[in-house]
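Following: one structure in structure tokens, then a few remarks.
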Amino acid sequence: MLTVRNLHVYYGAIHALKGVSLQVEEGEIVTLIGANGAGKTTTLHTLSGLLKPREGEILFQGQNIAGMAAQKIVALGLSQVPEGRRVFANMTVLENLELGAFLRKDAAGIKEDMEKVFVRFPRLQERIKQLAGTLSGGEQQMLAMGRALMSRPKLLLLDEPSMGLAPLLVKEIFSIIKEINAAGTTILLIEQNAHMALSIAQKAYVMETGKIVLSGPANELAQSEEVQKAYLGG
Amino acid sequence: MKKMFFSLPNLLMALLLLAFYGLTYAGLEQGWIDDYYKLNLFLICINIILAVSLNVINGMTGQFSIGHAGFMAIGAYGSAVMTMKLGFPFGAALIVGAVGAALAGLIVGIPTLRLKGDYLAIATLGFGEIIRVIILNIEYVGGAAGLNGIAQYTNWHWIFFLTVATVLVIKNFMTSTHGRACIAIRENEIAAETMGVDITRYKVIAFTIGAFFAGLAGALHAHYFYTIQPTTFGFMKSFDILVFVVLGGLGSLTGSILSAIGLTVLSAFLQDYAELRMVIYSLLLIIVMLVRPQGLMGTAEFSYRGVAKLYDRLSGKGRGPGNDTAVG
Amino acid sequence: MILLSVNHLSKSFGGLKAVSAVNMELRMGELVGLIGPNGAGKTTVFNLLTGVYQPTEGDIALRRQSIVGLKPWQINQRGIARTFQNIRLFNNLTVLENVKIAYHQHASYGIASAILRLPGFYKGEDDMSQKGIELLKIFKLEHKKDELAKNLPYGEQRRLEIARAMAAQPQLLLLDEPAAGMNPQETAELMDMIRWVRQNFDMTILLIEHDMALVMGICERIYVLDYGQIIAEGTPAEIKSNRKVIEAYLGEDISHAHGS
Amino acid sequence: MEVFFQQLINGLSLGSIYALIALGYTMVYGIIRLINFAHGDVYMVGAYVGFWATTQGWGFLPALLLSMVVCAVLGMVIERLAYKRLREAPRIAVLITAIGVSFFLESTGVLAVGAKVRTFPNVFPEVKFQLFNGAIVVTNRQLVIMVVTVLLMLLLQYIVHRTKIGKAMRAVSHDAQAAMLMGINVNNTVSATFAIGSALAAAAGVLVGVYYNAINPYMGIMPGLKAFVAAVVGGIGVIPGAFVGGLSLGVIEALVSGYGSSLWRDAVAFALLIIILIVKPSGLFGSNAREKV
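What follows is the structure in structure tokens.
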């Protein structure tokens, strides 16, 4: 479904991604883990069209989307839940969800998906008229995920969904991620919480200083010493 | 190598300026330079003072002031009152005008220090307008009609030496540790502060110095044109000065001087097409900003070394030592 | 001897506690690391120490004197200098001028002297330049002293920022991710440099860094911050095997996750 | 008391003009953080389009609509040609460009129609309504200004809160990058913002023509600056703030003129600006944002 080949991205003089390659098959949960500053978010931003790669290919369902405008990428069915949720704080929950379906014209389908989101996140329905900025961290994470689902994505990119959340909530969010995946959405997940991510993913990539240093089936990587090393140093 | 005041290039420069001064003086005395050229020559000088003085605030210190005409107004009115109403000599009037403007700069500087960027710009614009409205409401200085019949004390000697002095003073300030402190604030306020620069103090100093010389320019202006009105010093005037500084390059004194000269000359040429003049002027402004947002000179300055390099390049020399041996 | 003691330091941004009841002590001459996951509040601690932010609660004492409420430039004069996560050089000043800014507070001549170019000006400038060049030699930047800071390659910009902080002759040097964006070779050089500086200048250093190899390699002691709180403190070896730290970095233990 | 109420009414009609212009300032600032100094001149162009249409015999409403459409296009063109390329440029460069555009519109105006004052056709023969035995006078023109302003404000609220483009505008102004992740085209949204803001300024221009009868190419400068003051007072980037700020400024100015001297009016407006900036820079309705270190 998604094939990334030899991606190079620069921030001014900084060479942030140094030839990243990875692959996501349809129906999978793939996780990209690694320490702070390894380049995980940069990778996701490049996939979503927020950053332009200097070199490399991003094939999404066979089409090269490297350097394409962000809104076109969303239209193709690739949505992102950004790090730190970034919900529109001064808009209501409902408006946030509507914005998620910004490019869609099928009123009936939108309504149907809205219902689905409310089934998955009942708390959002309770707070439908509330301003997003007044929600708790966990609720904002749910809203951000619901908002992304409103575009009916084929591939969902999740950037640190556990960040800043209490452990119980993290578990809840992760089980929802599994449900979303089971309902047919392919997922690429970035996480600091490596153990958690590896426990739900089929495949994992480990990043370090702008490069993929390790990859393989998630359950194998979960046992590996190398992962701990990537985080806590040699 | 120690840099000294009486270095050879400095002496040459001084000689060059003195020659220019003497020749122009002779020209004015003998009538080779007619009134039209004289007017524009004087305008150029006044505009240079205004441009380099605003550059202290906007260019060096990176504070965004767009009410410079207000300080100019204080200098103009203050000095005119001194000579016209109180019978002081011109020299004293100049000092009073400039110091009065500097005090206003201090007063504007202190409360606006908390503001940054756009907000500071708007606040200074507001201050400029308030100064204008206050003058407008003082009957003693003629209200809307302004002051008329100011003696024409501004002559070539005054204007030439004061322009040179202004540029020299500001250049010397800029290239000292105090000027560097101001530039550091422009370049990165937080870093400057954590490196030990008292940013409040230097912002106030910049406002005060800038206002002082704007006041001086105002005083010279008032005593050349006989007459001043509050409308002379509206924000259109402030924008004019701002344009000199931005087009020349924020932070570059050379740029300010060149653009003050260039734009004054351009204005003079377009005098006969008054309506077209502003169209061209504004288009020029937009185009320069689109093509070269940092202004013509950026923050670069004229330097003797730079001239020498340029000369080498133009005359085809100085391809570097590597090439020299290869040729041999 | 204690150089810096931080007591119960807290900082809230509109209800959100970025730093919460942090206690730290730095002894003279120590090289200490401050680590923690993204958003743990490390840079906020630096901003509090340097006066960029004012604490909501708690106290910071440098040589037993509180520095809370002082302006950043005053704190710099008391002996704390720092670098920034996102390099903050004076881009349009030359390399040497960047360093000379740090000497500004000890300037020996006034504004009048500068404007009139009195002898004091030349002497003062010469002194500053000489000191600056000496320092640049140490950081191998002397040959670039007349280049604009913005024209330096990235690694040299990082080095210049450290040199500039050193020029203020601080007792405490705060380095915020000095190796960010550097390649392994540059990072190795940087480590050597930090060690060298510490030895030869008798300086106390507190550094934030993501590169664990660097932190574990040169720090004597490490504080770990998570959700604004210190969750662990100890030698690199202790930190590496600390359960709380592993959880903070790697998440909950695998057996738990599988159990659910 | 009578002076007070009379000035209140005068102030509300003047304030309506400020409010309409201020809305455009605040919307543009909210979305791309630009003080669009040329905005006051768009208002001037709006007045001239209205002038042209009414002298051709058009009625008030068609003239108003034409002027709004023309200026909406003008606003979009200005953004595309002058500002779009500078989105990443230093702020001062953008501000100077805006000043340049302002000069350009004024001087082109002078070139095209001359600097002299034009008299607006009398589309509404003045009718005075006497209230309280003639103690307070309201003219039909004042009523038109206030009614049109309120209607436009309601329309704007509808657009911003109920339509797709309005939601896109709010999303982009809050977080442009997150908006892109929703599939929102930021460039088109910015264009729409300029179009709507400029149309409101055009309406203000036509209304001023109707109210004061006299227009000239430099008429936009002062009201433009005042409207900016109004936007800041209300909290720049906040739409209801601009509306309230505009009305307040109008009333304050009318009261200063009524009780003191109209010569001090401008000084009071700018003093208010400086006080607000220093005491509460986020304005009456705004919230503070801080620089990340």
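Chains as they are written, first to last, in numbering that gives the first Met the number 0: chain Z, 0 to 233; chain P, 0 to 327; chain U, 0 to 259; chain S, 0 to 292. Ideal Cβ placement from N, Cα and C applies to all residues, glycine included.
{"query": "Residue range of the beta strand (DSSP E) that includes Ala231/U", "result": "228–233"}
{"query": "Neighbour flag for Ser214/Z against chain U, beta carbons, 9 Å", "result": "no"}
{"query": "Within-9 Å CB hit, Met181/S to chain Z", "result": "yes"}
{"query": "CB contact flag (Val333/P, Phe212/P, <9 Å)", "result": "Past the boundaries of the shown model lies residue 333/P; chain P is included only from 0 to 327, so the question cannot be answered."}
{"query": "Pair within 9 Å by beta-carbon distance, Val228/S and Leu248/S", "result": "yes"}
{"query": "Buried versus exposed call for Glu28/P [16 or more other C-beta atoms within 10 Å across all chains shown]", "result": "exposed"}
{"query": "Under 9 Å between C-beta atoms of Val171/S and Ile34/S", "result": "no"}
{"query": "Separation of Asp225/U from Leu36/U, as counted between CA atoms", "result": "Leu is not the amino acid found at residue 36/U; the sequence shown has Pro there. C-alpha separation (whole angstroms): 7 Å."}
{"query": "CB contact flag (Ala200/S, Gly45/S, <9 Å)", "result": "yes"}
{"query": "Every unbroken alpha helix (DSSP H) inside the stretch 121–198 of chain S [4 residues or more]", "result": "139–161, 163–173, 175–180"}
{"query": "Within chain S, the residues that Phe117/Z reaches when beta carbons sit closer than 7 Å", "result": "Residues of chain S passing the Cβ test: none, with the nearest at roughly 19 Å."}
{"query": "CA-to-CA distance, Ile189/P to Phe89/U, given in whole angstroms", "result": "11 Å"}
{"query": "Interface positions of the stretch 107–121 of chain P facing chain S (Cβ-Cβ less than 8 Å), listed along the chain", "result": "Pro110, Thr111, Arg113, Leu114, Gly116, Asp117, Tyr118, Ala120, Ile121"}
{"query": "As assigned by DSSP and simplified to three states, the class of Thr91/Z", "result": "strand"}
{"query": "Secondary structure of Gln228/P, DSSP reduced to three states", "result": "coil"}
{"query": "4-residue-minimum alpha helix (DSSP H) runs that sit fully inside the stretch 89–168 of chain Z, ordered along the chain", "result": "92–99, 106–119, 121–125, 136–148"}
{"query": "C-beta atoms of Glu164/U and Gln104/U nearer than 9 Å", "result": "Sequence check: residue 164/U is Ala here, not Glu. For Ala164/U and Gln104/U, no; Cβs fall outside 9 Å."}
{"query": "Given Ala74/Z as reference, the closest of Met181/S, Ala266/S, Val137/S once Cα atoms are compared", "result": "Met181/S"}
{"query": "Three-way DSSP call (helix, strand, coil) for Arg62/U in this model", "result": "coil"}
{"query": "Secondary structure, alpha helix (DSSP H): runs of 4+ residues fully inside the stretch 272–303 of chain P", "result": "273–290"}
{"query": "7 Å Cβ cut-off: residues of chain Z touching His173/S", "result": "Phe87, Ala88, Asn89"}
{"query": "Range covered by the alpha helix (DSSP H) that runs through Ala267/P", "result": "252–268"}
{"query": "C-beta neighbour in chain P for Ser259/U, strict 9 Å", "result": "Confidence at Ser259/U is low in this model, with a pLDDT of 36, below 50, so the placement of that residue should be treated as unreliable; the coordinate-derived value is given next. No - not a single Cβ of chain P is within 9 Å of the one on Ser259/U."}
{"query": "Boundaries of the alpha helix (DSSP H) in which Val41/S is found, first to last residue", "result": "38–54"}
{"query": "Reduced DSSP category for Asp265/U - H, G, I as helix; E, B as strand; rest coil", "result": "No statement about residue 265/U is possible, as the shown extent of chain U runs from 0 to 259 and does not include it."}
{"query": "Closest by C-alpha distance to Ile86/U, when choosing among Leu289/P, Val264/P, Glu186/P", "result": "Glu186/P"}
{"query": "Gln29/P: first and last residue of the uninterrupted alpha helix (DSSP H) it sits in", "result": "7–29"}
{"query": "Residues in the stretch 153–177 of chain U having any Cβ partner in chain Z nearer than 7 Å", "result": "Tyr153"}
{"query": "For Gln22/Z, the residue or residues it bridges with in DSSP", "result": "Thr2/Z"}
{"query": "Met83/P (DSSP reduced to helix, strand or coil)", "result": "helix"}
{"query": "Neighbour flag for Ala213/S against chain Z, beta carbons, 9 Å", "result": "no"}
{"query": "Residue-chain proximity (Glu224/Z, chain B), Cβ-Cβ < 9 Å", "result": "Absent here is chain B; the protein component of the structure consists of chains Z, P, U and S."}
{"query": "Between the CA atoms of Gly165/S and Asn192/Z - distance to the nearest angstrom", "result": "38 Å"}
{"query": "DSSP bridge partner residues for Ala213/S (one or two, in chain order)", "result": "Thr118/S"}
{"query": "Ser11/U (DSSP reduced to helix, strand or coil)", "result": "strand"}
{"query": "9 Å Cβ cutoff, Met162/Z in contact with chain U", "result": "yes"}
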